[in-house]
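Reading through the structure tokens given below for one structure.
Chains as they are written, first to last, in the numbering used here: chain G, 94 to 695; chain X, 94 to 695.
Structure (structure tokens):
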């Protein structure tokens with residue numbers, strides 16, 4: 094793939110942008126005109142900088158309000174174009190983007206526009222410039238790539254082609270088949286952007302909310318597939334206007350951009366995304382001197398010690414199908430050794446091909462992790478998340494097993510929730526979507542008394558892997574508060590699924606587990622809302638069980654109190670086809686947990 | 094006015110919210126149900142807390158998906174209502190908000206809904222509860238207050254009335270006259286909210302972007318006027334869903350809310366907004382030992398010393414109609430004494446009535462300002478902005494004047510730009526709009542290489558007072574960088590208007606003023622864009638003059654370099670009816686200034 098990105102997609106000075114773009118692996122760069130105009134250097138000098146960074150200028154843009162103008166504006170537009178063509182030659186830019194006219198002065202008409210482009214094509218030809226015409230979704234007369242293509246077809250000039258932009262096409266739900274009928278050599282460049290599915294003014298949406306392919310909700314994959322069917326193999330270029338990206342770390346944005354393009358590669362160009370079979374285990378770090386207290390905690394959660402590492406101070410606990418590993422070998426410094434879940438093990442189709450894909454996506458394959466790679470497992474890392482990749486049960490060979498305990502339980506991993514910095518939320522979504530076969534299935538705002546928590550849910554098709562990615566802008570929200578300790582990882586909430594919440598709750602009572610106290614007012618509301626049977630209501634209230642239901646089924650949840658002031662467990666039961674995460678209950682869980690931190694309502 | 098605010102409008106725990114709401118002067122509070130449900134205290138205990146804070150519960154809300162339901166949902170909805178009514182009685186809440194049904198299960202029909210409300214009215218009557226029905230702008234069948242009113246009219250029950258919400262009515266452009274035909278006693282409560290004029294999904298807009306009346310673009314003033322015409326004199330209650338407010342300082346939000354309500358008072362309830370005649374002067378602080386260098390600077394800007402304070406070390410400079418005062422009496426600590434513009438003097442219609450309005454709006458009247466009130470002038474302060482209020486020329490009596498210099502110049506104040514924290518941007522807009530007769534005339538995004546600058550322009554009708562309020566979320570933007578020194582005030586940019594920019598430019602050359610160097614590439618672009626005459630282009634390029642034009646006229650700008658790394662001057666000329674601020678040139682000015690700070694392109 095010929096990867097390219099527009100300078101407007103990241104922040105900084107032109108040099109800073111070029112440096113970052115080059116470093117992250119792009120081959121081409123679109124020069125957004127203002128980035129060049131504000132510069133003191135002459136076009137020729139900038140040309141040299143671009144080429145010193147090993148980059149090619151894929152596009153010079155934008156050129157506005159050109160086609161369909163009446164005189165004297167028409168002549169002026171041609172004069173303007175000539176001057177820009179001359180500068181492009183000095184700059185070393187071959188292709189210019191002309192976007193469809195938005196001026197109220199424009200007259201419209203397909204033939205008039207085609208004539209304008211034919212005439213401009215002749216001028217461009219003499220200067221060795223190529224003109225790409227793009228339909229802005231909010232253009233005055235031309236807002237659909239099919240109309241832009243008709244103009245280009247009638248302009249009938251070798252130096253005039255079309256520019257496609259996934260946002261302009263997908264935001265208007267234009268039939269993608271129409272792309273397949275454009276000859277590939279008439280597509281001068283393709284711009285790619287995704288966006289969350291908002292129903293708003295197209296210009297406003299485009300200018301503020303675009304994001305990297307895979308971070309939003311548009312069907313960029315289908316767009317690319319149709320494009321590939323034309324045989325197109327020229328630049329694929331990111332053009333991302335995003336308020337958040339304008340202030341975030343440019344290297345992170347550029348890396349995500351590069352990753353998002355690799356994720357759009359043609360079939361067979363890189364190894365496919367990996368299928369996750371299941372979560373195999375969750376691993377905790379612990380200090381040696383805390384092993385006893387953690388043992389007591391795990392026992393109260395119903396977990397039983399089943400094995401011990403043959404040579405190291407690492408212990409395996411099991412409850413039903415859930416395995417917890419505690420690792421007392423990590424105490425290289427105090428914080429890292431503190432009790433905390435820091436990684437999970439995923440059973441995948443093929444570890445080696447997953448690692449190949451990691452390499453292509455610039456995801457770290459941790460070779461010399463300071464925790465030491467005790468089980469000879471492959472560990473990958475991204476944005477402070479650690480994942481062990483496993484394709485068989487060999488890792489258990491390192492353990493001596495105690496007599497197997499029959500727990501008679503179907504406990505399973507339901508989901509894991511992580512908490513990330515607001516600025517890396519989309520980055521984390523892209524990490525999972527680009528490496529694994531999984532989808533973002535929802536995007537919810539959770540109300541914390543101190544602000545909004547953005548919560549993205551990612552699942553694989555069989556729902557054996559579900560991860561919730563939370564972030565908040567406000568540092569007083571619970572999700573941010575718990576992150577304050579800055580442990581190795583960002584796992585905050587471990588949700589385990591049972592098929593009998595009342596049996597489990599009874600067991601917890603016997604084991605003496607302290608569950609999270611929920612307010613009486615909550616249960617009055619549940620009563621009013623759902624009209625539960627009196628004995629069920631009594632039982633859930635007595636046992637701090639939260640309840641939800643929708644048209645698909647019902648849902649029970651028990652939370653533990655906060656552990657080490659940084660994470661907690663949830664035990665849940667899904668009845669019938671209830672598929673949610675109890676979002677309505679989140680504010681009650683959060684309020685109750687905040688009381689534990691502050692000792693009072695906050 | 095019976096002032097009220099919904100708990101959902103500010104962040105924190107219920108107690109924190111009530112405390113802030115009470116402190117800022119509200120008499121009533123809407124209890125948003127979740128704020129109460131998450132609480133451990135019983136309804137009766139919360140009732141006591143509310144009353145201890147001197148507050149009355151104006152409304153309990155929301156009650157959803159009630160009217161027009163088929164069985165068995167209808168019965169369940171009635172059961173749910175009964176339980177809520179009982180809780181309301183314990184809580185001491187008299188009125189409940191029922192919002193129009195959004196459930197797909199609802200059947201619709203005006204008469205069916207009216208019957209439901211009549212029946213619910215009877216239940217409510219027995220429990221001494223009043224039911225207010227509100228049309229959500231996105232309700233399934235009822236999305237218009239006129240339809241809600243028809244249902245209430247047909248329900249024909251003393252305990253059933255309508256609730257109006259300015260957002261739901263104004264967001265759908267519903268004719269306001271329809272409000273005037275509702276009997277005032279049938280309006281149980283009025284909710285008020287403003288919002289920026291965005292074209293987007295109504296629910297999304299409402300949930301994320303509402304703001305305080307006067308901070309947005311909706312015609313809340315007309316809404317209130319029509320409401321007052323009905324004779325309504327019950328609660329006016331803020332119900333503001335805003336992502337930013339959910340994380341900002343709750344006292345600031347609550348104060349702005351209170352101010353926004355006072356600003357909506359009936360005519361004659363408080364003194365009217367003040368008319369600004371003009372900006373009289375700008376005052377700078379300076380250290381004594383720097384007086385000489387500042388004198389040199391002012392001279393290079395064309396200013397001439399014309400007077401000296403009779404008893405203090407305060408000097409008056411004049412250029413045309415622009416007066417600068419430098420005050421060397423402020424050095425109570427080092428920072429405050431540093432050279433910086435810290436206040437401006439406004440000539441207003443009537444100082445005493447302005448001060449009365451300040452009091453009602455909770456704007457500080459600075460009595461014992463640490464700078465000392467040298468001219469016996471009245472000084473007001475809000476959000477770190479200082480304004481002297483003047484209604485005559487008496488202040489000049491404190492000065493001895495030198496022989497008057499004939500400068501033969503028409504230099505005028507054009508505008509002053511201030512830079513505020515992102516979280517106080519809307520607060521600053523409201524400050525000006527609520528105290529003075531002025532309007533927000535535009536709201537622009539300026540692109541800084543490090544992020545977006547939100548720029549709101551406020552003007553009075555005669556355009557003798559214009560202020561630009563800038564803020565950015567990213568601290569690397571120029572506007573944030575210049576604010577780093579945290580001077581007394583936040584004045585960052587002083588724009589003075591001439592009627593002959595070339596004459597002025599020549600004068601600056603003679604005086605040796607260093608103007609801000611603009612890139613050559615900029616002038617190539619201006620050439621391509623506007624096709625200026627060659628000699629004009631040459632002249633503006635040689636003199637670092639920026640150019641803009643629109644259909645109304647043309648515009649010239651000269652900037653100084655940065656002064657004390659914290660502010661700068663602009664000299665501008667407006668031709669014909671050019672009314673803008675050269676927003677297209679801002680990125681060039683910003684880039685050039687950033688080079689001065691960092692010594693290179695950033």
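For glycine and all other residues, C-beta sits at the position ideal for the given N, C-alpha and C.
Residue contact with chain G for residue 566 of chain X: present (Cβ-Cβ distance below 8 Å to some residue of chain G).
Chain X places a beta carbon closer than 8 Å to that of residue 172 of chain G, counting this residue as a contact. If you look at residue 451 of chain G, you'll find it in the alpha helix (DSSP H) that goes 444 to 453. Per DSSP, reduced to three states, the secondary structure at residue 591 of chain G is coil, with no helix or strand assignment. Sequence-distant partners of residue 273 of chain G (beyond 5 residues in either direction) whose C-beta falls short of 7 Å from its own C-beta, in its chain, are 319, 322, 323.
The contact set of residue 291 of chain G on chain X, defined by CB atoms closer than 9 Å, consists of 293, 294, 297 in chain order.
Taken through DSSP and simplified to helix, strand or coil, residue 515 of chain G comes out as helix. Around residue 180 of chain X, the beta-carbon contacts reaching into chain G at under 7 Å are 617. Restricting attention to G:680, G:686, G:533, the CA atom closest to the CA of residue 127 of chain X is found in G:680. Interface annotation for the segment 614 to 642 of chain X against chain G: 614, 615, 617, 618, 620, 621, 622, 624, criterion Cβ-Cβ distance under 8 Å. If the five residues before and after residue 639 of chain X are omitted, its C-beta is found closer than 6 Å to the C-beta atoms of 650, 678, all from its own chain and listed in chain order. Residue pairing by DSSP puts residue 188 of chain X in a beta bridge opposite X:223.
Neighbours of residue 127 of chain G in chain X, taken as residues at a C-beta separation under 8 Å, are given in chain order as 540, 680. Under DSSP, residue 293 of chain G takes part in a beta bridge, and its partners are X:293.
Residue pairing from DSSP places residue 96 of chain G in a beta bridge opposite G:329.
The Cβ-Cβ distance between residue 570 of chain X and residue 546 of chain X falls below 8 Å. When DSSP reads this structure, residue 536 of chain X sits in a beta bridge with X:549.
Counting the other CB atoms within 10 Å of its CB gives residue 494 of chain G a total below 16, which places it among the exposed residues. At least one C-beta of chain X is nearer than 8 Å to the C-beta of residue 684 of chain G. For the segment 135 to 221 of chain G, the full-length beta strand (DSSP E) segments reaching 3 residues or more read 149 to 156, 188 to 192 along the chain. Residue 547 of chain X is outside the set of residues whose beta carbon lies under 8 Å from a beta carbon in chain G.
Rounded to whole angstroms, residue 266 of chain G and residue 309 of chain G show a C-alpha spacing of 15 Å. In this structure, the beta-carbon distance from residue 676 of chain X to residue 591 of chain X does not fall below 8 Å. Within a 10 Å sphere around the beta-carbon of residue 276 of chain X sit fewer than 16 other beta-carbons, which makes this residue exposed. Contact note: residue 339 of chain X reaches chain G through 544, 545, using a C-beta cutoff of 7 Å and chain order.
Between residue 515 of chain G and residue 564 of chain G, the C-beta spacing is below 8 Å.
Within the segment 500 to 515 of chain X, no residue has its Cβ closer than 9 Å to any Cβ of chain G. Identification of chain G residues near residue 104 of chain X by a Cβ-Cβ cut-off of 7 Å yields 542, 543, 544, ordered along the chain. Nearest CB-CB separation between residue 130 of chain G and chain X: below the 8 Å threshold. Considering only beta carbons, the part of the segment 143 to 170 of chain X lying closer than 8 Å to chain G consists of 169, in chain order. In the pairwise beta carbon analysis, the segment 358 to 365 of chain X is classified as not touching the segment 110 to 125 of chain X: fewer than three pairs are separated by under 8 Å. Minimum Cα-Cα distance from residue 454 of chain G among the listed residues G:669, G:233, G:119 corresponds to G:119. A distance below 6 Å between beta-carbons, with the five flanking residues on each side excluded, links residue 594 of chain X to the following residues of its chain, in chain order: 649, 666. A Cβ of chain X is located within less than 8 Å of the beta carbon of residue 177 of chain G. Secondary structure in the segment 611 to 682 of chain X: the alpha helix (DSSP H) runs of 4 residues or longer, each lying completely within the stretch, are 613 to 623, 627 to 635 in chain order. Residue 177 of chain G and residue 621 of chain X have their C-alpha atoms spaced approximately 7 Å apart.
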